[in-house]
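J.: Numbering (numbering that gives the first Met the number 0), first residue to last: 0 to 422. Please find one structure pasted underneath; my questions will follow.
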Amino acid sequence: MTQVPVWATEAGAAPVTGPLPGSLRVDVAVIGAGYLGVTAALALAAGGARVAVLERGNLTDGASALNGGQVIPGLKRGPSGLNAQLGRERGEAVTRFVMRSAGRVFDLIREHRIDCGAVRSGWIQAAASAAAWAEQRARVAELSERGGDAVLLDARAVRDLLGSRPGAYCGGWLNRDAGTLHPLNYLYGLVRAAIAAGAQIHTLSRAVRIDRQAPAWRVRLAHGPLVSAEQVLVCTNAYSDELWPGLRQSILPATSLQIATAPLPPELRAQILPQGQAVSDSRRVMNYFRIGPQGRFMIGGRGPFRAARRADYDGLSGAMRRLYPQLRGIGVEYRWAGRVALTRDFLPHVHQPRPGLWCVLGCNGRGIALASSLGSAIGGQLLGRSEGHPFAPTPLRSLPLHRLHRFYAGALIQYFRLLDRLE
Ligand SMILES: Cc1cc2nc3c(=O)[nH]c(=O)nc-3n(C[C@H](O)[C@H](O)[C@H](O)COP(=O)(O)OP(=O)(O)OC[C@H]3O[C@@H](n4cnc5c(N)ncnc54)[C@H](O)[C@@H]3O)c2cc1C
Numbered sequence: 000m001t002q003v004p005v006w007a008t009e010a011g012a013a014p015v016t017g018p019l020p021g022s023l024r025v026d027v028a029v030i031g032a033g034y035l036g037v038t039a040a041l042a043l044a045a046g047g048a049r050v051a052v053l054e055r056g057n058l059t060d061g062a063s064a065l066n067g068g069q070v071i072p073g074l075k076r077g078p079s080g081l082n083a084q085l086g087r088e089r090g091e092a093v094t095r096f097v098m099r100s101a102g103r104v105f106d107l108i109r110e111h112r113i114d115c116g117a118v119r120s121g122w123i124q125a126a127a128s129a130a131a132w133a134e135q136r137a138r139v140a141e142l143s144e145r146g147g148d149a150v151l152l153d154a155r156a157v158r159d160l161l162g163s164r165p166g167a168y169c170g171g172w173l174n175r176d177a178g179t180l181h182p183l184n185y186l187y188g189l190v191r192a193a194i195a196a197g198a199q200i201h202t203l204s205r206a207v208r209i210d211r212q213a214p215a216w217r218v219r220l221a222h223g224p225l226v227s228a229e230q231v232l233v234c235t236n237a238y239s240d241e242l243w244p245g246l247r248q249s250i251l252p253a254t255s256l257q258i259a260t261a262p263l264p265p266e267l268r269a270q271i272l273p274q275g276q277a278v279s280d281s282r283r284v285m286n287y288f289r290i291g292p293q294g295r296f297m298i299g300g301r302g303p304f305r306a307a308r309r310a311d312y313d314g315l316s317g318a319m320r321r322l323y324p325q326l327r328g329i330g331v332e333y334r335w336a337g338r339v340a341l342t343r344d345f346l347p348h349v350h351q352p353r354p355g356l357w358c359v360l361g362c363n364g365r366g367i368a369l370a371s372s373l374g375s376a377i378g379g380q381l382l383g384r385s386e387g388h389p390f391a392p393t394p395l396r397s398l399p400l401h402r403l404h405r406f407y408a409g410a411l412i413q414y415f416r417l418l419d420r421l422e
């Protein structure tokens with residue numbers, strides 16, 4: 000079993016990028032080359048701004064290169080939950096924005112001819128308990144009232160679409176706006192599109208300090224150069240370090256683990272997810288799965304709040320074989336981990352700690368559609384266009400007891416796992 004992402008298979012050639020060779024003056028400096036930073040840079044460059052993206056490592060390092068490739072237009076909370084949380088007007092605006100978010104990804108892919116195996120095959124949320132299915136029935140009704148795509152599935156329909164063992168799920172629902180893609184090739188395609196629009200993308204260019212030297216902002220890179228910019232956009236997500244005070248402490252950097260099997264033989268391929276949907280289950284500590292490159296079965300789930308060890312992946316293999324007993328003889332060939340930025344309110348956060356300085360992060364495991372949509376909208380906003388997104392800036396706040404998160408978040412996950420089992 001190799002500790003590399005399955006996306007190493009079928010990855011296209013990486014766009015040519017390298018460290019910023021010398022100091023530079025731009026309109027906007029973007030820090031972090033994940034979906035958020037790169038879609039923002041694409042929108043900015045297409046709008047005529049001079050923009051430089053500064054990435055600490057390589058394009059393969061962030062969550063955008065490591066994720067499960069499920070393009071899901073939704074947040075943890077549905078319309079009524081968002082209305083209760085944000086008030087009706089903003090709640091409805093967030094629902095509208097999120098409902099359109101998968102469509103924006105497929106539009107970007109079409110517009111920039113990105114070769115990333117994108118298929119709009121749909122996403123199923125499978126209900127692991129009767130209570131979860133009752134909630135899903137309400138969610139389907141609410142989304143349908145708002146013109147969203149949502150199809151309720153009974154246990155039989157879920158079993159037919161998943162090909163999983165009988166009784167694994169009580170029901171579920173299907174969203175046909177959703178789909179799957181090869182996340183690294185999608186990122187590479189966005190980077191190429193941003194470069195073609197005029198953006199500079201520099202890897203191995205870690206930002207270590209941001210300060211104000213009126214009239215501009217100044218970003219210092221670890222290897223020496225300075226970038227002066229009118230505006231700075233920090234998109235470092237779960238990989239945030241001490242670059243801006245309080246940013247790292249504003250989110251919980253959760254580990255998500257994934258494994259991928261050997262390519263499935265044709266008879267199993269015909270049984271398991273025959274229509275190619277992406278799937279998440281409804282558990283508090285959920286698993287998500289799909290068919291990946293070369294017909295491999297892939298499954299992911301929450302990992303520990305420390306570096307993942309080999310034994311941590313065994314839980315995923317166990318979950319896979321419980322769900323699909325027919326996979327018992329099939330070996331696991333890839334395993335890898337990445338970081339997801341969780342926020343306390345399960346919403347992405349837009350902060351503007353000073354005029355001209357923006358920090359946008361926290362897509363809570365739904366970042367392919369959401370970070371791409373939000374990045375494009377923020378790019379437009381920095382160009383001075385109407386906001387185009389419903390996430391008003393909020394103050395940067397540290398999570399309580401952030402320094403102890405490894406202990407309390409780990410304990411909370413064990414507790415949630417117990418509740419899931421009891422249900
Ligand atoms: C294992 C896993 C599975 C997932 N599965 C899915 C899925 O199936 N569907 C879905 O929608 N979402 C999924 N997600 C979430 C999704 O990948 C993220 O929400 C999304 O990629 C976030 O994009 P981003 O641009 O905000 O952050 P990232 O892609 O993490 O980019 C942040 C970048 O900032 C850089 N950086 C940090 N500090 C500095 C610095 N000081 N200077 C310069 N650069 C810096 C980092 O190196 C990194 O490249 C998954 C995430 C993981 C980890």
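All residues carry an ideal CB built from backbone N, CA and C; glycine is no exception.
Per DSSP, what are the beta-bridge partners of Thr-179 in this structure?
T.: Gln-69, Val-118.
J.: For Val-3, does the three-state DSSP call read helix, strand or coil?
T.: In this structure, Val-3 counts as coil in the three-state DSSP scheme.
J.: Within 10 angstroms of the Cβ of Ser-143, are there 16 or more other Cβ atoms? Answer buried if so, exposed if not.
T.: Classification of Ser-143: exposed, given that the 10 Å Cβ count is below 16.
J.: Please state if the CB of Ala-167 and the CB of Gly-121 are separated by a distance shorter than 7 Å.
T.: It is not a contact, given that the beta carbons lie outside the stated cut-off.
J.: Given this structure, state the Cα-to-Cα distance separating Ala-28 from Gln-199, to the nearest angstrom.
T.: Taking the straight line joining both Cα atoms gives about 10 Å.
J.: Which of the three DSSP states is assigned to Met-285 in this structure?
T.: If DSSP states are grouped into helix, strand and coil, Met-285 belongs with coil.
J.: Less than 6 Å between C-beta atoms, sequence neighbours within five positions excluded: which residues of the same chain meet that for Asn-57?
T.: Thr-202, listed in sequence order.
J.: Determine which residues share a DSSP beta bridge with Leu-23 and list them.
T.: Partner(s): Val-226.
J.: Short check: CB of Ser-279 to CB of Tyr-34, under 7 Å?
T.: It is not a contact, given that the beta carbons lie outside the stated cut-off.
J.: Return yes when the Cβ of Leu-41 is within less than 7 Å of the Cβ of Ala-193, no when it is not.
T.: A contact, by the Cβ cut-off of 7 Å.
J.: What three-state label does DSSP hand Trp-132 in the structure shown?
T.: DSSP places Trp-132 in helix when its eight states are reduced to three.
J.: For Arg-211, does the count of other Cβ atoms within 10 angstroms reach 16, so buried, or fall short, so exposed?
T.: Arg-211 comes out exposed.
J.: Taking 7 Å as the CB-CB cut-off, is Met-98 touching chain B?
T.: Protein chain content of the structure displayed is limited to a single chain, and chain B is not contained in it.
J.: Quick check on the burial criterion: 16 or more other C-beta atoms within 10 angstroms. Buried or exposed for Val-97?
T.: Buried.
J.: Report buried or exposed for Ala-221, applying the criterion of at least 16 other Cβ atoms within 10 angstroms of its Cβ.
T.: Answer is exposed; the Cβ neighbour count stays below 16.
J.: Examine ligand 1 and report whether any of its heavy atoms sits within less than 6 Å of the Cβ of Leu-251.
T.: Because no heavy atom of ligand 1 lies under 6 Å away, the Cβ of Leu-251 does not count as near it: no.
J.: Taking the beta carbon of Gly-383 as the centre, do at least 16 other beta carbons fall within 10 Å, making it buried, or is it exposed?
T.: Classification for Gly-383: exposed.
J.: Rounded to the nearest angstrom, what separates Arg-289 and Arg-164 at their Cα positions?
T.: Roughly 16 Å between the two C-alpha positions.
J.: May I have a chain-ordered list of the alpha helix (DSSP H) segments no shorter than 4 residues that lie completely inside the region 309 to 373?
T.: Within the region 309 to 373, the complete alpha helix (DSSP H) runs of at least 4 residues are 309 to 322.
J.: To which residues of the same chain is Thr-342 closer than 7 Å at the C-beta, ignoring the five residues directly before and after it?
T.: Contacts found: Ile-250, His-348, Gly-361, Asn-363.
J.: Give me the Cβ distance between Gly-300 and Leu-315, rounded to the nearest whole Å; I'm assuming they're in contact under 8 Å.
T.: Indeed, because the Cβ distance is near 6 Å, the residues count as touching under 8 Å.
J.: Alpha helix (DSSP H) containing Asn-82: first to last residue?
T.: Residues 78 to 85.
J.: Find out if the Cβ-Cβ distance for the pair Ala-125, Val-150 is shorter than 7 Å.
T.: No, Cβ-Cβ distance for Ala-125 and Val-150 is not below 7 Å.
J.: Can you give the Cα-Cα distance for Arg-247 and Gln-325, rounded to whole angstroms?
T.: Cα to Cα, Arg-247 sits roughly 43 Å from Gln-325.
J.: Roughly how many angstroms lie between the CA atoms of Ala-39 and Glu-266, to the nearest whole one?
T.: The alpha-carbon atoms of Ala-39 and Glu-266 are separated by roughly 43 Å.
J.: Could you check the C-alpha separation between Gly-352 and Arg-309 for me, to the nearest Å?
T.: It should be noted that the sequence gives Pro, not Gly, for residue 352. Distance between the alpha carbons of Pro-352 and Arg-309: 40 Å.
J.: Taking 8 Å as the threshold, find out whether the region 385 to 395 comes into contact with the region 252 to 262 through three or more Cβ pairs.
T.: The region 385 to 395 is not in contact with the region 252 to 262.
J.: Within 10 Å of its beta-carbon, does Arg-396 have 16 or more other beta-carbons around it, so buried, or fewer, so exposed?
T.: Exposed.
J.: Following the continuous alpha helix (DSSP H) through Val-104, name the residue where it begins and the one where it ends.
T.: Per DSSP, Val-104 belongs to the alpha helix (DSSP H) from 100 to 110.
J.: Is the beta carbon of Ala-215 sitting closer than 7 Å to the one on Ala-44?
T.: No; because the gap between Cβ atoms is not below 7 Å, this pair is not in contact.
J.: Contact check, Trp-335 vs Leu-183 under 8 Å by CB: the rounded distance?
T.: Trp-335 to Leu-183, Cβ: 11 Å. No contact.
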